[in-house]
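For the sequence shown, this note's numbering gives the first residue as 8, with consecutive numbering after it. Glycine included, each C-beta is placed from N, C-alpha and C at the ideal position. No experiment lies behind these values; they were computed from the predicted model shown.
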Amino acid sequence: MITSLMLYGFYYTSVQIGSELFAFAMLATVLMTVALITLSKLTITGKNRASKSLALPDALREE
């Protein structure tokens, strides 16, 4: 659902603005933001394997 909305937004932006490069940059920004938020949540909760190597305090981990 979210992917289809982003693809529609990419199509609509490229048609209306006429600049596919700008629309692609916006799409890439959205995807990287979602990935960063997801990685941050996984790291803080300790569900990411790499989070244990970061030596986060136990108070930040919800196990």
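Among A32, L38, Q23 and S26, which one has its Cα closest to the Cα of S11? L38
For A30 and T40, believed in contact at Cβ under 8 Å, the rounded distance: That pair is no contact at about 16 Å.
First through last residue of the alpha helix (DSSP H) which encompasses S47: E27 to T52
Inter-residue Cα distance where the pair is S47 and V22: 34 Å
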